[in-house]
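Before any comments, here is the structure.
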Amino acid sequence: MPASKACVERTQIAARAAVDKFGSELVAIDLSDQSVLSEIFLIVTASNSKMIDTIADEVEEKLRLVGDKPLRREGTDGWILIDYSDLVVHIQSPELRRYYMLDRLWNDCPKIELEIVAEEAARG
3 MPASKACVER
13 TQIAARAAVD
23 KFGSELVAID
33 LSDQSVLSEI
43 FLIVTASNSK
53 MIDTIADEVE
63 EKLRLVGDKP
73 LRREGTDGWI
83 LIDYSDLVVH
93 IQSPELRRYY
103 MLDRLWNDCP
113 KIELEIVAEE
123 AARG
């Protein structure tokens, strides 16, 4: 069973917020058939710790505007995790993204097409 429509819509909002603050290499992974904890992981790369914080703040603000509040937020200089239960947003430095390779860890799960990524690609 694929991720719920509501969770996918919130993922699109979070992705747009991340790109608005210069997040890159966005990937949304549908974990609904694999994990009992979350439906979707949104993984974002940010070039430095200030950008990681800025992106996390923007994601939280945009999701707050649609009535969503995280269960928790935790992190380090190189990684912030924002847990919305069914959606978990990972914002990582390039180094930690390469080290932990969440994309590869969950590579057997379907990817969710992100509208903002498709729009950016179409612009060239």
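Numbering (the numbering used here), first residue to last: 3 to 126. A virtual CB, placed ideally from N, CA and C, is assigned to each residue, including glycine. Small disclaimer: the values here were computed from a predicted structure and weren't measured.
The shortest CA-to-CA distance from Asn50 to any of Glu60, Ile93 and Gln14 is the one to Ile93.
The three-state reading of DSSP puts Leu104 in helix, counting H, G and I together. For Ser51, the uninterrupted alpha helix (DSSP H) segment begins and ends at Ser51 to Leu67. The DSSP-derived three-state label of Asp35 is coil. When C-alpha distances from Arg18 are compared across Trp108, Tyr101 and Val46, the shortest belongs to Val46. Scanning Pro96, Leu89, Leu104 and Arg99 for the CA closest to the CA of Ala8 turns up Leu89. Proximity of the stretch 71-79 to the stretch 25-45 falls short of the contact definition, fewer than three beta-carbon pairs being nearer than 8 Å. One thing to note: Tyr86 has its Cβ no nearer than 8 Å to the Cβ of Leu67. The beta carbons of Pro72 and Glu62 sit about 6 Å from each other, so the pair counts as a contact at 8 Å. Separation of Met3 and Asp22 (C-alpha to C-alpha, rounded to the nearest whole angstrom) is 31 Å. Residue Asp110 holds the alpha-carbon nearest to the alpha-carbon of Gln36 among Glu121, Ile118 and Asp110.
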